[in-house]
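Asks: In full-length UniProt numbering, the protein residues as written are 1 to 208. Glycine is no exception: its CB is placed at the ideal position from the N, C-alpha and C atoms.
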Amino acid sequence: MRWIKHPHAVLLLDEIEKAHPDVFNLLLQVMDNGTLTDNNGRKADFRNVVLVMTTNAGVRETERKSIGLIHQDNSTDAMGEIKKVFTPEFRNRLDNIIWFDHLSGEVIHQVVDKFIVELQAQLDQKGVSLEVSQEARDWLAEKGYDRAMGARPMARVIQDNLKKPLANELLFGSLVDGGQVTVALDKEKNALTYGFQSAQKHKPEAAH
């Protein structure tokens, strides 16, 4: 187990409500004793491990629209749903339950920028520069965000609309020897457009 060698860590368990019941039994052992024993009898020290678990339980309850002009607090209903999903033994071992708001537009754009920076780092190795217009970034932010799923769809949107269109040009097209990529938005078609410029065009011709 990794924690035998690296006892100081943060362990993220995403959508914990989908875990097998055996996983909850293991977590009870960890939260009770601060250790976990595997099938070979080896013990992993979890005393310096921070467990962070996410869940979608109660999300629907918090998103219910209030009737009329008065804001309705649905947190009690959401906590009721959490109590249905997780046993008292499990809940009582948690230090805290934190409610997260939906991502803001600013944060979503930061996620887009993060993906573009990571892609540019990969393209740097091939001598390719990437320029994505602000309108194109806005389009990616809109397509890559889902209110229920958050920014999870963003990776697929970046893959389909940035990485795939570049792949053929990098392998067989104008970007084989490096170059420049410009990504913009066609407002009429509501789709991205791509401009590829080979680095060969900027190289001086060899002297004869």
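Spell out a yes or no on whether the stretch 91-111 and the stretch 137-156 are touching, meaning 3 or more CB-CB pairs, one atom from each, closer than 8 Å.
Replies: The answer is yes - the stretch 137-156 touches the stretch 91-111, with three or more Cβ pairs under 8 Å.
Asks: Smallest Cα separation from Val139: which of Lys83, Val111, Ala121?
Replies: In the sequence shown, counting from the first residue as 1, residue 139 sits at position 139. Per the sequence presented here, residue 139 reads as Trp, with Val not at that position. Out of Lys83, Val111, Ala121, Val111 has the C-alpha closest to the C-alpha of Trp139.
Asks: Flag this pair as yes or no: are the beta carbons of Asn48 and Pro88 separated by less than 7 Å?
Replies: Residue mapping note: residue 48 aligns to position 48 of the sequence shown, counting from 1. Residue mapping note: residue 88 aligns to position 88 of the sequence shown, counting from 1. Against a cut-off of 7 Å, the Cβ pair of Pro88 and Asn48 comes out as no contact.
Asks: For Leu28 and Leu36, what's the separation of their Cα atoms in angstroms?
Replies: Translated into positions along the sequence shown, residue 28 becomes position 28. Translated into positions along the sequence shown, residue 36 becomes position 36. Between Leu28 and Leu36, the C-alpha separation is close to 10 Å.
Asks: With distance defined between alpha-carbon atoms, name the residue in Asp45, Leu192, Lys5, Gly127 nearest to Leu170.
Replies: The residue labelled residue 170 in the question sits at position 170 within the sequence shown. Leu170 has its Cα closest to that of Gly127, out of Asp45, Leu192, Lys5, Gly127.
Asks: Starting from the C-beta of Lys65, find all residues in its chain whose C-beta is less than 6 Å away, skip the five residues before and the five after it, and write them out in chain order.
Replies: The residue given as residue 65 occupies position 65 in the sequence shown. Its pLDDT being 48, under 50, Lys65 is placed unreliably in this model, and the coordinates cannot settle the point.
Asks: CA-CA distance, Gln180 and Lys18?
Replies: Along the sequence shown, one-based indexing puts residue 180 at 180. Along the sequence shown, one-based indexing puts residue 18 at 18. The alpha-carbon atoms of Gln180 and Lys18 are separated by roughly 44 Å.
Asks: For Val132, I'd like the list of residues in its chain whose CB is within less than 7 Å of its CB, leaving aside the five on either flank, ordered along the chain.
Replies: Walking along the sequence shown from the start, residue 132 turns up at place 132. Closer than 7 Å at Cβ, skipping near neighbours: Ile116, Val183.
Asks: Out of curiosity, what's the CA-to-CA distance linking Met154 and Glu118?
Replies: For the purposes of this step, residue 154 is taken as residue 154 along the sequence shown, with counting starting at 1. For the purposes of this step, residue 118 is taken as residue 118 along the sequence shown, with counting starting at 1. Roughly 13 Å between the two C-alpha positions.
Asks: What residues match up with Leu185 in a beta bridge as DSSP calls it?
Replies: The residue labelled residue 185 in the question sits at position 185 within the sequence shown. Leu192, per the DSSP bridge assignment.
Asks: Taking the alpha-carbon positions, what's the Arg91 to Lys143 distance?
Replies: Locating residue 91 in the sequence shown gives position 91, where the first residue counts as 1. Locating residue 143 in the sequence shown gives position 143, where the first residue counts as 1. Each residue's Cα considered, the two are about 36 Å apart.
Asks: Based on the DSSP secondary-structure assignment, which residues constitute the bridge partners of Ala151?
Replies: Within the sequence shown, residue 151 is the residue found at index 151, counting from 1. In DSSP, Ala151 forms no bridge with anything.
Asks: Just verifying my parser: in three-state terms, what is the DSSP assignment at Gly179?
Replies: Sequence index remark: in the sequence shown, residue 179 carries index 179 (1-based). Of the three classes helix, strand and coil, the one that applies to Gly179 here is strand, per DSSP.
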